[in-house]
Amino acid sequence: MDSSPLPAPKRELRLRDLVFLNISAIVSLRWIAAAAHSGAGSFLLWLVAALFFFLPSALVVARLAERFPAQGGMYVWTKHAFGDRHAFLCAWTYFVSNILYLPSLLMAGVGMTVYAIGDFGQRLSELRSFVLPATLAVLWIAFLGNFFGLRVAKWLWTLGVASTFIIGAVLCALAVLALQKGSSMTTRWDLLPRPSLDTLNFWSQIAFAFVGLELAPIVSGEIRNPRRDLPRAAVVSGVACTLFYVACTAALLVLLPPDRISPMTGLAQAGVAGAARLGLPAVSLLLAGMLGLALAGQADAWIAGNTRLPYTIGLDHYLPAAFARLHPRWGTPYVSLLVQVAAATLFLLMAQLGESVRAAYQFMVDMTLIATFVPFIYIFGAGFRFANRLASFFGLAVTLIAIALSLLPPPEAASPLLFELKIVGGSLLFAALGWRLFSRYQTQAISLHCRPTSNSL
Numbered sequence: 000m001d002s003s004p005l006p007a008p009k010r011e012l013r014l015r016d017l018v019f020l021n022i023s024a025i026v027s028l029r030w031i032a033a034a035a036h037s038g039a040g041s042f043l044l045w046l047v048a049a050l051f052f053f054l055p056s057a058l059v060v061a062r063l064a065e066r067f068p069a070q071g072g073m074y075v076w077t078k079h080a081f082g083d084r085h086a087f088l089c090a091w092t093y094f095v096s097n098i099l100y101l102p103s104l105l106m107a108g109v110g111m112t113v114y115a116i117g118d119f120g121q122r123l124s125e126l127r128s129f130v131l132p133a134t135l136a137v138l139w140i141a142f143l144g145n146f147f148g149l150r151v152a153k154w155l156w157t158l159g160v161a162s163t164f165i166i167g168a169v170l171c172a173l174a175v176l177a178l179q180k181g182s183s184m185t186t187r188w189d190l191l192p193r194p195s196l197d198t199l200n201f202w203s204q205i206a207f208a209f210v211g212l213e214l215a216p217i218v219s220g221e222i223r224n225p226r227r228d229l230p231r232a233a234v235v236s237g238v239a240c241t242l243f244y245v246a247c248t249a250a251l252l253v254l255l256p257p258d259r260i261s262p263m264t265g266l267a268q269a270g271v272a273g274a275a276r277l278g279l280p281a282v283s284l285l286l287a288g289m290l291g292l293a294l295a296g297q298a299d300a301w302i303a304g305n306t307r308l309p310y311t312i313g314l315d316h317y318l319p320a321a322f323a324r325l326h327p328r329w330g331t332p333y334v335s336l337l338v339q340v341a342a343a344t345l346f347l348l349m350a351q352l353g354e355s356v357r358a359a360y361q362f363m364v365d366m367t368l369i370a371t372f373v374p375f376i377y378i379f380g381a382g383f384r385f386a387n388r389l390a391s392f393f394g395l396a397v398t399l400i401a402i403a404l405s406l407l408p409p410p411e412a413a414s415p416l417l418f419e420l421k422i423v424g425g426s427l428l429f430a431a432l433g434w435r436l437f438s439r440y441q442t443q444a445i446s447l448h449c450r451p452t453s454n455s456l
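Numbering (numbering that gives the first Met the number 0), first residue to last: 0 to 456.
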């Protein structure tokens, strides 16, 4: 970087805000449905993912955030560990992962929300002609809501967290009442997962369900005391997220058998079924409203955090200068915001080609998994140098296994070969584009007398 003064965002976030940001980023209601769809064996998978991925992530991220409490998070950590090129590729793939993640998150959320409304909504949840435009509408609403800065955005993700825990409380209450009046709809509670093509693909998703702790350090420049509050927030939110996932998965299995739980809309299915079984139809409408708020809050959290990466890279002159600009009134990286939502829109439209709604959703999930886990290779690699080596080893092992399992096509894919070509080809294309961008703007950075910290390849 050059030595001239750089624009700086306002420090708006306290410990409470970070806890809610973590929970909003980590807890995704669709993973609960995917876990319940796999049966009671998912409890063991939750435990394994928590012990060998989430706990290592928390230890490594907390230590790195304490040692390098600077805006950019993983970008800064990777720069110190491996140099500028790898730092760029780490941040680039993470930014791309959010472009892929938002459409799949919103597709599942829209499907669950309308499913909970009733019979008409259940039919709408399977129609591409409804799900696609509704998803696009929510995506752009989330962008507009984030445009006004973290002072506004933090209240939306806080509202989303409150709605998420209301949903969890309602589902658990329905499950308890159902047990009091009868028995569990799931009759086999085999705690060992049964390997199949469908469940193997899901195993990588259950590790992905614990991704999110790395998001808050990206906005370190907007945290009042990042060195103190980031590790504390990781501990509090980690315990809350693990308990929430396990309790809600159990509730879904009480309310519906696994083969009737859709990976996309299963949470709403279980809520509707439980409400009907107990004669409480109003509960379905409550769930629909809370699902909508939880969805908006989670999208808001990911957009808020992830758009700070291109901003930080722009300050290093490895992206066009426009990415380093803050809005003169709201202090937000508005160029990065606009690029992200426009690219997510394009990808959402392209992913629909030749696939059903569920297969298109699964394709976006698998692309997201690969793009998200690649930065964790760098995060745990930095952890080997600057944090806990044992935690980094386990985290890296789970990361590599999850990437491999993501390459398995789901049974719903219209063409397994086309699915693989999209996954592998898309991943290589994004990586090559990132490599090319860095090479181009590295020359520009040198010409502007902004010497890279490393010339590593």
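We put the beta carbon where it would ideally sit given N, CA and C, even for glycine. The structure presented is a predicted model; accordingly, all values stated were derived computationally and were not measured.
8 Å contact criterion, which residue i and residue j should meet: CB distance rounded
i: A298; j: V137; result: 7 Å
i: T311; j: Y93; result: Contact flag wrong, Cβ pair sits at about 12 Å.
i: G108; j: A215; result: Contact flag wrong, Cβ pair sits at about 22 Å.
i: G220; j: A115; result: No, G220 and A115 are not in contact; Cβ-Cβ is about 39 Å, not under 8 Å.
i: V209; j: F52; result: The sequence as given places Phe at residue 209; Val does not occur at that position. Confirmed, Cβ separation roughly 6 Å.
i: I205; j: A34; result: 6 Å
i: T331; j: F146; result: 6 Å
i: F429; j: A370; result: 7 Å
i: A259; j: R13; result: It is Arg, not Ala, that sits at residue 259 in the sequence shown. That pair is no contact at about 43 Å.
i: V160; j: I302; result: Not quite, the Cβ-Cβ distance comes to about 16 Å (not below 8 Å), so this is no contact.
i: T367; j: L99; result: 4 Å
i: W457; j: G433; result: Outside the displayed range of the chain (0 to 456) lies residue 457, so it cannot be described from this structure.
i: S391; j: P68; result: At roughly 19 Å, the Cβ-Cβ gap does not stay under 8 Å, so S391 and P68 are not in contact.
Coil, strand or helix - residue i by DSSP
i: L214; result: coil
i: Y317; result: coil
i: D189; result: coil
i: A152; result: helix
i: E419; result: helix
i: H85; result: helix
i: R324; result: coil
i: P68; result: coil
i: P230; result: helix
i: M0; result: Bear in mind that a pLDDT of 44 at M0, under 50, signals an unreliable position, so the model cannot answer this.
i: I205; result: helix
i: M184; result: coil
i: P102; result: helix
i: V18; result: helix
i: S438; result: helix
i: I260; result: coil
i: P408; result: coil
i: T452; result: Bear in mind that a pLDDT of 45 at T452, under 50, signals an unreliable position, so the number given afterwards is only what the model happens to contain. Note: T452 maps to coil in three-state DSSP.
i: S426; result: helix
i: L255; result: coil
i: W91; result: helix
i: A177; result: helix
Residues sharing a beta bridge with residue i, DSSP
i: L12; result: I222
Whether residue i touches residue j by CB criterion (8 Å)
i: E65; j: P230; result: yes
i: L395; j: F379; result: yes
i: A250; j: L173; result: yes
i: G265; j: S162; result: no
i: L337; j: P102; result: no
i: A80; j: R384; result: yes
i: A57; j: A233; result: yes
i: S261; j: H85; result: no
i: G110; j: S124; result: yes
i: F437; j: F87; result: yes
i: L318; j: V169; result: no
i: T112; j: L254; result: no
i: L63; j: D228; result: no
i: F243; j: V26; result: yes
i: I31; j: T241; result: no
i: W329; j: G148; result: yes
i: L28; j: I166; result: yes
N- and C-terminal bounds of the alpha helix (DSSP H) containing residue i
i: Y330; result: The sequence as given places Gly at residue 330; Tyr does not occur at that position. Here G330 belongs to no alpha helix (DSSP H), and DSSP marks it neither H nor E.
i: V130; result: R127 to N145
i: I402; result: R388 to S405
i: M289; result: A281 to N305
i: H36; result: L28 to H36
i: G270; result: G265 to R276
i: S41; result: S41 to A48
i: D118; result: D118 to L123
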